């Protein structure tokens with residue numbers, strides 16, 4: 001089972017909520033799901049920078065007061081944020097126009113009438129049970145004109161959908177292997193985000209190709225993984241992206257030809273590494289690897305100079321004394337490394 005987002009627009013806002021809860025059950029695991037659904041009725045959400053607001057069942061608590069959910073739109077909150085303009089200039093926004101807001105799921109644990117100090121009670125039992133972990137990763141696509149009430153409804157709906165998916169997965173698998181993670185991927189040909197359980201990519205790919213015949217059969221289309229640590233690291237590295245866009249042409253009558261996608265620009269002396277006189281192919285290779293990461297074709301990190309050299313030694317292209325030398329490499333060595341490192 002998959003969850004498909006609406007089509008994305010340039011001004012779309014992605015709201016992502018993470019939640020993990022550890023539970024314990026005896027025999028009937030269905031009771032765990034029933035009890036958790038009851039807890040969701042009183043759940044709330046905290047939206048991080050740039051909003052810094054708490055969204056509960058019928059109210060939003062912001063820095064400047066308390067409002068009805070129906071009275072406030074996302075645009076109202078974003079316009080008051082001093083960080084919004086800064087976030088428009090970061091690397092992610094230059095490559096993808098969507099704004100991402102992260103947050104957490106909250107649970108209402110005390111009543112308004114509570115006036116006593118919390119008490120922790122420990123009950124010893126001889127019953128045998130198992131630890132059980134529920135992990136949710138919500139990602140909804142909304143617009144600036146969306147009201148906070150609708151944000152709340154969409155988050156609740158997706159939380160229920162993910163709970164249904166986890167419950168069905170639990171019934172179909174061994175109960176010792178039920179702790180699973182949701183993944184979010186951007187499907188560029190249909191301009192939507194698809195959410196499904198980790199490990200089901202091949203099944204989802206086949207189902208999407210049946211539903212959307214325009215999806216390619218000869219290249220990856222489940223690409224940008226919103227949970228990929230390498231993608232996040234690259235986006236926050238402070239590097240320049242797509243530098244060709246602002247470079248004036250040097251050849252009269254020349255025509256620029258590019259592959260589709262984005263890349264990060266790697267050059268001499270970056271990362272506190274002195275590669276003066278090493279030749280430009282090492283950095284060109286790192287630039288090429290960044291293209292594979294940004295397109296979602298690999299989750300491997302950018303190889304360092306020593307790792308590039310070690311790959312060439314391992315495939316018998318270079319002798320052992322090549323490691324840590326300043327010997328240049330060329331286009332053939334670059335192709336060898338790409339083929340062996342990313343394969």
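In the UniProt record's numbering, the protein residues as written are 1 to 343. Cβ coordinates follow ideal geometry from the N, Cα and C atoms, glycine included. Quick caveat, the model's predicted, so the values are computed rather than measured.
*Measuring alpha carbon to alpha carbon, tell me which of 266, 343, 98 ends up nearest residue 305.*
266
Item checked: Exposed unless 16 or more other CB atoms sit within 10 angstroms - verdict on residue 303 -> buried
**Message:** If I measure Cβ to Cβ from residue 143 and keep anything under 8 Å in the same chain, skipping five residues before and after, which residues do I get?
**Reply:** 9, 11, 12, 13, 74
* Asked: Any Cβ of chain D within less than 8 Å of the Cβ of residue 287?
  -> No chain D appears in the structure shown, which is made up of a single protein chain.
Q. In three-state DSSP terms, what is residue 45?
A. strand
Notebook entry, point to check: Tell me the DSSP bridge mates of residue 62?
Noted result: 65
For residue 364, does the count of other Cβ atoms within 10 angstroms reach 16, so buried, or fall short, so exposed? Look at the range of the chain in this structure, 1 to 343, and you will see that residue 364 is not part of it.
Mind checking whether residue 215 and residue 261 have CB atoms under 8 Å apart?
no
Check: Looking at residue 33 and residue 44, is the spacing between their C-beta atoms short of 8 Å?
Finding: no
Please list, in chain order, all residues of the same chain as residue 7 whose beta carbon is under 7 Å from its beta carbon, the five residues on each side excluded. 191, 192
DSSP three-state assignment for residue 285, whether helix, strand or coil: helix
message: Tell me which residues share the same chain as residue 99 and place their Cβ nearer than 6 Å to its Cβ, disregarding the 5 neighbours each side in the sequence.
response: 13
>> Out of 243, 247, 248, which one is the CA nearest neighbour of residue 263?
In response: 243
Rounded C-beta distance between residue 187 and residue 201? I'm assuming under 8 Å. Not a contact, Cβ separation roughly 12 Å.
*Inter-residue Cα distance where the pair is residue 155 and residue 137*: 10 Å
Quick check: what's the CA-CA separation for residue 106 versus residue 47? 10 Å
Quick one: what does DSSP say residue 12 is sitting in, helix, strand or coil? coil
To the nearest angstrom, report how far apart residue 157 and residue 57 are at their CA atoms. 14 Å
*Please state whether DSSP places residue 137 in a helix, a strand or coil.*
strand
Requested in this report: Could you tell me which residues DSSP pairs with residue 293 in its beta bridges?
Outcome: Bridge partners of residue 293: none, in fact.
Practice prompt. Name the residue from 234, 121, 171, 239 whose alpha carbon lies nearest to the alpha carbon of residue 292.
Written response: 234
request  = Mind checking who residue 182 pairs with in its DSSP beta bridge?
outcome  = 197
message = Using the three-state DSSP reduction, which class does residue 143 fall into: helix, strand or coil?
response = coil
TODO: For the beta strand (DSSP E) containing residue 54, list its first residue and its last residue.
DONE: 53 to 55
Distance between residue 205 and residue 166 (C-alpha atoms, nearest Å): 20 Å
- Query: In terms of residues, what are the limits of the alpha helix (DSSP H) holding residue 337?
  - Reply: 331 to 342
- Check: residue 119 C-beta below 7 Å from any heavy atom of the ligand GTP: Absence of the ligand GTP is noted for the structure shown, with no ligands found whatsoever.
**Q.** Beta-carbon proximity of residue 329 to residue 282, cut-off 8 Å
**A.** yes
Query raised in the report: Three-state secondary structure (DSSP) at residue 148?
Result: helix
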